[in-house]
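K.L.:
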Amino acid sequence: MITHKGSCFCGAVELQVQDAPEAMGYCHCSSCRSWSAAPVNAFTLWKPQNVRVTKGAEFIGKYMKSEASLRQYCKRCGGHLMTDHPRLGLVDVYAATIPTLKFKPAVHVNYSETVLPMKDGLPKLRDFPAEMGGTGDVVPE
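Numbering (the working numbering), first residue to last: 4 to 144.
#1: Might you give, ordered along the chain, the residues of its own chain that have their beta carbon closer than 7 Å to the beta carbon of Cys35, omitting 5 neighbours on each side?
#2: Could you pull out every residue in the same chain whose Cβ sits closer than 7 Å to the Cβ of Leu125, ignoring the five residues on either side in sequence?
#3: Is Cys30 helix, strand or coil by DSSP?
#4: Measure the alpha-carbon distance for Cys77 versus Val16 and round it to whole angstroms.
#5: So, with DSSP's three-state summary, where would you put Asn44?
#6: DSSP state of Cys11, grouped into three classes?
#7: Helix, strand or coil: how does DSSP classify Cys80 here?
Okay, here's the thing in structure tokens:
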């Protein structure tokens, strides 16, 4: 079983993920951009049972902007950790939080909202894949 460890910016909260992520890619939606303070968010999606906080759970703050996502961060340093997506049954552990995981993106989601066009040959979805409640429509690079 493959295990990767990660932490918040100050190290007060540590977590680990195991096995392989269900998906990896980039999200271009305005919520992810605003939350991450970046023009794009690199995501890794995991089954909840494969994500575990190993230290500092008492320092985890939570913010729920919508029913679709429960964002979690360190209350000490403000470092972002993960977002629980209950409707999808997946947890997005931000790629930067897991430094030993080799990030291999396969898709761009919410590309219709992009502010940073990326020509990398990966599929660019207007919103989400159909199996995740989106249209599954692919838009041009």
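Every residue, glycine too, gets a C-beta built ideally from N, C-alpha and C.
P.N.:
The relevant details are as follows:
#1: Asn44
#2: Pro108, Ala109, Val110 and His111
#3: If DSSP states are grouped into helix, strand and coil, Cys30 belongs with the strands.
#4: 7 Å
#5: strand
#6: Correct three-state label for Cys11: coil.
#7: Here Cys80 sits in coil by DSSP.
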